[in-house]
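Some notes on the structure that comes next.
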Amino acid sequence: MKNLVILLSTVVLFISCKEEVTSETDQLSKTTILKVTSEKSTVKYKTLAVNGINIAYREAGDSKNPTIVLLHGFPASSYQYRKVLAQLSNEFHLIAPDYPGFGNSDFPDANTYEYTFDNIATTVNLFLEQKEINSYAIMIQDYGAPIGFRLATAHPERITAIINQNGNAYEEGLGEAWAGIRKLWKHRTKETEDALLPAFSLEGLKWQYTHGVRDIETVDPDSYNLDFLRLSRPNAHAVNLDLFYDYQNNVKLYPKWQQYLRENQPPLLIVWGKNDAFFPESGAKAFKKDVKNIDYNIYDTGHFALEEEGDAIIESIRNFMRNQNK
16 MKNLVILLST
26 VVLFISCKEE
36 VTSETDQLSK
46 TTILKVTSEK
56 STVKYKTLAV
66 NGINIAYREA
76 GDSKNPTIVL
86 LHGFPASSYQ
96 YRKVLAQLSN
106 EFHLIAPDYP
116 GFGNSDFPDA
126 NTYEYTFDNI
136 ATTVNLFLEQ
146 KEINSYAIMI
156 QDYGAPIGFR
166 LATAHPERIT
176 AIINQNGNAY
186 EEGLGEAWAG
196 IRKLWKHRTK
206 ETEDALLPAF
216 SLEGLKWQYT
226 HGVRDIETVD
236 PDSYNLDFLR
246 LSRPNAHAVN
256 LDLFYDYQNN
266 VKLYPKWQQY
276 LRENQPPLLI
286 VWGKNDAFFP
296 ESGAKAFKKD
306 VKNIDYNIYD
316 TGHFALEEEG
326 DAIIESIRNF
336 MRNQNK
């Protein structure tokens, strides 16, 4: 009987030690996985000279993976894609440039650099060519749409898919917030320019981020504070008024972009904040006229939908991109 007790005690001790070792091994394995994931998710902050202009950009993920080019809007920068860069870089190669005059890129004088959407798109295209990125999906938002569609119509063979977060390409997608800019298009005077200056104030910038959101506490205040600092630089208002005025040329190109969509039928993911005063849900619905198969997702939030609905949108992007690469 005594020998049996000793034997059972030995077995229990062995099992206990094995469980501890297994637990430690599992924990070590989890730590290793987290470390690898963390290393893959590291965002690097780089610059590249394009025709003498330093373009700042954020890059993350393995360049051997499918590439997504993240094209930011007004008044933002690549900072708006910080969640996408952090969460998707374990599966995709992500690159987010700041346009000239935006973010951490150079802010050349308007006498030496023409602030038009044509020219910015040319700069972004040269940037991608210098990076030898010739096959990529684009994620577009606000200003990212006219830049992205210029890339797509110039080189349709390079575009693998389009991820559209409130990036307009239809007249019916221009909301009520365009009233003041439409007046600028009709008559560019000091009066019509001055009427738009509140858009560059801290309060005006905050409104662009928070209008239409359900919970204002989900919006990172660094976003509009950073934008305000950049828009407070000398000549920043004049440059952005030039872009407001030039936006009418994007509207003139809408038929060309719609033709591109009809003829090329790029895989299209819509992830749209329906409460956007600039580009309401009618702009998202309009894409259904020209693209046959759309992964269509509408969120109860505003213009910068990633602020409030980032996790849901990023999961949609992950699933969408996985389907393109099966």
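Using the working numbering, the first residue of the sequence shown is number 16, and each one after it goes up by one.
Yeah, the Cβ is synthetic: ideal placement off N, Cα and C, and Gly gets one too.
For I148, there is no enclosing alpha helix (DSSP H), since its DSSP letter is neither H nor E. Non-local beta-carbon contacts of P171 in its own chain, meaning distances under 6 angstroms to residues more than five positions away in sequence, involve N279 in chain order. Within the stretch 246 to 322, the complete alpha helix (DSSP H) segments of 4 residues or longer fall at 251 to 279 and 296 to 301, listed in chain order. By a beta-carbon distance limit of 8 angstroms, I329 does not contact W287. Their separation comes to about 15 angstroms. Y60 is bridged by DSSP to R73.
Residue burial annotation: Q263 is exposed, with fewer than 16 other C-beta atoms found within 10 angstroms of its C-beta.
Judged by pairs of C-beta atoms under 8 angstroms, the stretch 221 to 240 does not touch the stretch 120 to 137, as fewer than three such pairs exist.
In the pairwise beta carbon analysis, the stretch 192 to 206 is classified as not touching the stretch 166 to 184: fewer than three pairs are separated by under 8 angstroms.
By alpha-carbon distance to R165, the top candidate from F302, D315 and W272 is W272. For L86, the enclosing beta strand (DSSP E) begins and ends at T82 to L86. By the Cβ test, the stretch 63 to 83 is in contact with the stretch 98 to 114, since at least three Cβ pairs between them sit closer than 8 angstroms. Spanning the alpha carbons of I309 and N66 requires a straight line of approximately 37 angstroms.
Taking C-alpha positions only, D209 is separated from T131 by approximately 20 angstroms. Under DSSP, no beta-bridge partner is assigned to P171. In the structure shown, P213 adopts helical secondary structure according to DSSP, grouped into three states. Residue environment for N126: exposed (fewer than 16 other C-beta atoms within 10 angstroms of its C-beta). Under DSSP, L109 takes part in a beta bridge, and its partners are A75 and I83.
DSSP places W200 in the uninterrupted alpha helix (DSSP H) bounded by A194 to K201. Taking every protein chain shown into account, the CB of N250 has fewer than 16 other CB atoms within 10 angstroms, so this residue is exposed. Secondary structure of N179 (DSSP, three-state): strand. Nearest C-alpha to Y72 among G88, Y94 and K79: Y94. Nearest C-alpha to L217 among E144, S247, W200 and V266: S247. Sequence-distant Cβ neighbours of L256 in its own chain, meaning closer than 7 angstroms and more than five residues away, are E208 and L211. Boundaries for L189: no alpha helix (DSSP H) harbours it, and the DSSP string shows neither H nor E there. Here A299 is actually not in contact with G227; their C-beta atoms are around 14 angstroms apart, not less than 8 angstroms.
Taken through DSSP and simplified to helix, strand or coil, V228 comes out as coil. Across the structure, F335 and L284 are spaced so that their CA atoms are roughly 7 angstroms apart. The Cβ atoms of A91 and F319 sit closer than 9 angstroms to each other. Taking C-alpha positions only, S104 is separated from N338 by approximately 17 angstroms. Per the coordinates, the alpha-carbon of I196 lies some 7 angstroms from the alpha-carbon of Y260.
DSSP places A101 inside the alpha helix (DSSP H), whose first and last residues are R97 to L103.
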